[in-house]
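Below is one structure, written out as structure tokens, with a few remarks after it.
Residue numbers (our numbering): 2 to 879.
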């Protein structure tokens with residue numbers, strides 16, 4: 002019988018007896034008369050207490066006898082479970098009493114006691130004691146003791162009392178907004194100043210902190226990582242963590258506990274350069290013996306006596322020790338430590354955890370097995386009521402909760418507190434349950450149906466973190482090998498994820514269903530979407546492969562030419578993004594030819610827009626504007642609002658570069674009106690980014706900065722790396738023009754996170770120019786050398802790439818034009834650019850500005866300016 006149940010029942014009867022005794026004693030000493038001033042008061046209270054005692058006794062007696070008739074033996078444990086469970090659910094008017102919680106740690110499965118990973122502990126203690134901010138990455142395999150290590154070290158520091166904890170295993174969400182909320186608690190800033198822009202709010206919160214320090218623990222942080230790359234999937238959170246990791250003047254510690262080593266999003270390097278890494282693996286022998294002593298106090302089961310053998314047998318892993326403990330103590334006919342050890346010596350070392358898990362599962366009673374299987378079927382933390390719904394009415398809710406708690410105490414499942422929820426995190430036990438294939442499939446199918454009622458309404462879905470239920474449903478259908486249902490869930494998820502550029506989160510799922518969809522058109526759609534997802538992650542080769550496989554399937558469909566056009570346009574866009582401009586233009590022209598032949602206006606619009614991009618890249622500015630306007634007309638005719646906004650913004654940019662400011666602003670204003678009438682935040686971000694560029698072209702640096710900052714906020718929110726890069730580049734250029742070198746460096750370095758090699762060379766150029774202003778002979782030289790190399794590679798790939806010629810010339814100047822032949826090389830590169838694109842007034846003015854930084858003191862400065870602009874110097878002063 003459970004000691005906890007005996008304790009509960011005993012406390013209840015003792016409470017009734019004490020109440021009666023209290024009334025009697027108070028009556029004897031006349032306390033009731035003193036309190037009430039009424040000599041009859043004591044008898045009133047005696048009468049009330051007698052009624053109370055009688056009613057309580059009657060309820061307990063009835064429950065006891067009813068339970069006995071249902072099969073619980075006299076004095077048996079089942080009677081007490083039911084009686085106490087009923088009592089604790091009686092509600093008192095005006096209050097909602099909560100059932101007393103058993104003392105079980107919220108997390109983890111390991112015992113909540115210090116276990117010494119001595120080197121790791123020393124590193125963590127030193128980092129937590131330090132005065133600077135830090136992001137600490139604690140990672141290692143499941144069951145290595147990561148959470149126990151962090152919690153025990155925190156308790157021993159002054160940060161233990163101020164720590165904030167997020168358990169992502171418990172299905173909590175975490176992002177930059179949650180981080181700002183925590184760090185904004187003890188600040189001098191009013192709450193309204195910490196509302197809209199997470200990154201700006203983070204800076205304000207850090208600057209305004211008044212307490213001695215805070216620790217934020219994010220457990221189960223593998224949930225914020227992309228499954229294939231281990232990169233942090235949330236752009237906002239990635240940048241917020243980068244800010245904290247680089248700070249030196251505030252004591253803010255963010256601790257990520259995860260099974261995989263996190264990698265920074267995009268190309269940022271803060272996880273490599275600034276974060277503190279603490280890998281946690283097996284325990285040292287002495288520490289492992291201490292862990293066994295915690296599991297088996299007093300050596301009741303004999304684990305401590307055999308600790309030398311167990312340390313090697315269980316590979317020093319706490320999770321393996323937990324499995325061993327469960328296999329030892331769960332069976333009715335308990336094996337000895339020696340017997341269990343002999344069984345484990347037979348399998349290979351790497352197979353021992355799975356062997357232990359099978360022993361544990363085989364030792365479960367039918368009731369226990371059903372409950373563990375139900376928890377596993379949900380694949381996410383659930384309440385005991387959810388488990389009851391899945392297993393049916395054959396077992397009482399109270400009994401379910403008691404059994405779940407016992408399973409948690411034996412480390413078979415994990416119990417999460419407040420409110421109590423249960424989940425199965427051990428992959429070995431999950432694998433052992435898979436042997437019961439049909440039963441698990443049925444349970445998962447039923448669990449998925451029950452979970453469908455928990456989906457958030459679409460209006461409340463603001464990021465991938467709000468799609469936890471949908472991701473769980475997808476995992477369930479994939480585990481059941483229900484490929485058609487899985488594909489339906491993939492498609493439904495992608496409708497949300499594409500808005501935040503997060504389609505990469507379901508790349509693995511799309512790969513799993515390849516060749517299993519029965520319908521060729523579904524296979525085609527899957528390959529096409531897989532190509533897009535891979536392209537969004539910069540995986541050009543795999544993306545082209547997926548698109549080519551979709552293209553091959555197009556011929557088997559009823560409308561092969563329409564499908565071919567769309568897939569060809571996708572491949573052309575991918576080629577354009579990766580600098581293969583000539584190939585992209587050829588493919589776009591093929592799409593245009595097919596679209597004209599078949600009367601497909603949408604295909605014409607896409608092809609014309611793509612050709613316009615290619616023409617502009619090759620300096621044919623006037624044709625680019627003409628083609629862009631034609632594509633814009635088709636977009637408006639078809640009410641293709643996204644295309645209308647995108648084309649309007651880029652044509653407005655091209656007009657502005659020609660110093661045609663009025664028509665440029667007219668187009669941009671029209672685009673902003675369309676964006677304002679639509680709920681899609683991506684439209685707003687693109688318009689703001691375009692407006693920032695127009696302000697920059699007009700020389701209004703302050704307005705450019707304001708619009709770009711707002712565009713950046715929206716772009717980070719929707720995970721749009723292209724707009725993030727462009728907005729940060731504009732912010733850096735505006736700051737540089739305003740003389741704010743610190744802000745310029747911060748923004749352009751972060752823009753560099755989203756830059757790919759040989760792409761967005763202006764980012765590399767600005768990094769080099771800013772570094773040159775700070776120290777011409779330091780980092781600037783390395784950056785200019787990189788710029789020269791990448792620009793040369795790009796114009797070798799595409800000789801008509803005028804921007805590559807221009808920036809190669811700037812790099813040559815930055816490395817010094819006073820050396821023999823260097824000035825001539827720069828002038829040649831500028832001359833080639835002007836031959837390709839002779840009439841870009843705004844671009845030529847920016848080249849003058851750059852030359853004013855790198856070559857103002859050179860004797861050939863005026864000659865370089867003349868070569869860059871293609872005409873005489875017009876009184877320009879850098």
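Ideal Cβ positions, reconstructed from N, Cα and C, are used throughout, including at glycine.
Residue i in three-state terms, based on DSSP
i: residue 750; result: helix
i: residue 233; result: strand
i: residue 241; result: helix
i: residue 302; result: coil
i: residue 279; result: strand
i: residue 816; result: coil
i: residue 226; result: strand
i: residue 703; result: helix
i: residue 210; result: strand
i: residue 557; result: coil
i: residue 204; result: helix
i: residue 543; result: helix
i: residue 428; result: helix
i: residue 462; result: coil
i: residue 790; result: helix
Bridge-paired residues (DSSP) for residue i
i: residue 259; result: 140
i: residue 135; result: 254
i: residue 264; result: 232
i: residue 216; result: 254
i: residue 167; result: 219
i: residue 383; result: 423
Exposed unless 16 or more other CB atoms sit within 10 angstroms - verdict on residue i
i: residue 727; result: buried
i: residue 768; result: buried
i: residue 153; result: buried
i: residue 439; result: exposed
i: residue 371; result: buried
i: residue 457; result: exposed
i: residue 821; result: exposed
i: residue 460; result: exposed
i: residue 278; result: exposed
i: residue 597; result: exposed
i: residue 262; result: exposed
i: residue 333; result: exposed
i: residue 537; result: buried
i: residue 791; result: buried
i: residue 557; result: exposed
Residue range of the unbroken beta strand (DSSP E) whose run includes residue i
i: residue 422; result: 422 to 424
i: residue 417; result: 415 to 417
Pairwise C-alpha distance: residue j and residue i
i: residue 687; j: residue 498; result: 18 Å
i: residue 313; j: residue 415; result: 26 Å
i: residue 677; j: residue 463; result: 18 Å
i: residue 725; j: residue 129; result: 33 Å
i: residue 145; j: residue 362; result: 21 Å
i: residue 802; j: residue 618; result: 6 Å
i: residue 577; j: residue 585; result: 5 Å
i: residue 752; j: residue 761; result: 10 Å
i: residue 412; j: residue 141; result: 19 Å
i: residue 702; j: residue 662; result: 16 Å
i: residue 368; j: residue 328; result: 17 Å
i: residue 223; j: residue 377; result: 19 Å
i: residue 869; j: residue 783; result: 23 Å
i: residue 273; j: residue 135; result: 13 Å
For residue i, the first and last residue of its enclosing alpha helix (DSSP H)
i: residue 1; result: A question about residue 1 goes unanswered here, because the residues of the chain that appear run from 2 up to 879.
i: residue 509; result: 508 to 513
i: residue 158; result: First-last for residue 158: undefined, no H or E at that position.
i: residue 862; result: 862 to 870
i: residue 684; result: 682 to 698
i: residue 669; result: 662 to 677
i: residue 533; result: 521 to 537
i: residue 831; result: 823 to 837
i: residue 318; result: First-last for residue 318: undefined, no H or E at that position.
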